[in-house]
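Participant:
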Amino acid sequence: RKHIVNKSSKCMPLLTRRAKKQAPRWKRWVYSWWDQAVEDVPLDIDLVEGSIEGLEPHAVCCETAEGKRRVDADLLCLATGYRQRFPFLHGSTEEEGKMRPDDPLPTQHFVIDPMKPRMAYIGFVRPNVGAIPPMSELQAMWWSQKLEGKLVGEASKLDETCYRLKDSRLPYGVDYGYYMFAL
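In this text, residue positions in the sequence shown follow the numbering used here: the first is 730, and each later residue adds one.
Listed below in structure tokens is the structure:
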């Protein structure tokens, strides 16, 4: 079974709108029962199940069960699970038959790399206490503000020193309160 958990009811009708239009009549009726009309919104959210083969400036190349697929995209959101492995960025995930450790996270608040500011890594930090979803929401808001040029100044080394956990088994373990404050 596949489930989509989404807090935004305004976003729900956009999810796989193309697939909904191609669905059997009875399924379209079910979708119309809970989806609000958003025909005036000129965008779609495509869910692609497969592995990424490469990134282009405005598209993503994927390998799916149906074959290779190129998807035009303004935004790419990857649900990678509990392991952070990005073979399309860092090469193969295997070294001599053994799985390697997680790929590194970027330097600015574990969210962005200054060399690739339009690529964000949301939801990977692990707090000492507290929940990850509110941290992810704040990371997304921080990144949005950063993209729009609305942030004043840069993250200081003091911020990172305060929120990075010293004896964490994970290099991206953070103190919840300090991290949220720094963002």
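Beta carbons: idealized from backbone N, C-alpha and C, even for Gly.
When you compare each of Ser897, Phe815, Cys790, Ala802 to Asn857 by their alpha carbons, which one comes out closest?
Facilitator: Of the listed residues, the one whose Cα sits closest to Asn857 is Ser897.
Participant: Whose CA, out of Met909, Thr793, Asp775, lies closest to the CA of Glu782?
Facilitator: Per the Cα distances, Thr793.
Participant: Quick one: residues in its chain with C-beta nearer than 7 Å to the C-beta of Met909, no 5 flanking neighbours on either side, listed in chain order?
Facilitator: Cβ neighbours of Met909 beyond the five flanking positions: Met864, Leu867.
Participant: Between the C-alpha atoms of Pro862 and Glu795, what's the straight-line distance to the nearest angstrom?
Facilitator: Using only the alpha carbons, I get a separation of about 33 Å.
Participant: Exposed or buried, Trp872, counting other C-beta atoms within 10 Å across all chains shown (16 or more means buried)?
Facilitator: Buried, since its Cβ has 16 or more Cβ neighbours within 10 Å.
Participant: Going by beta-carbon coordinates alone, are Gln813 and Asp842 separated by less than 8 Å?
Facilitator: Going by C-beta atoms, Gln813 is not nearer than 8 Å to Asp842.
Participant: Ordered along the chain, which non-local residues of its own chain (more than five positions away) have a Cβ less than 8 Å from that of Ala849?
Facilitator: Hits under 8 Å: Val840, Ile841, Gln868, Ala869, Trp872.
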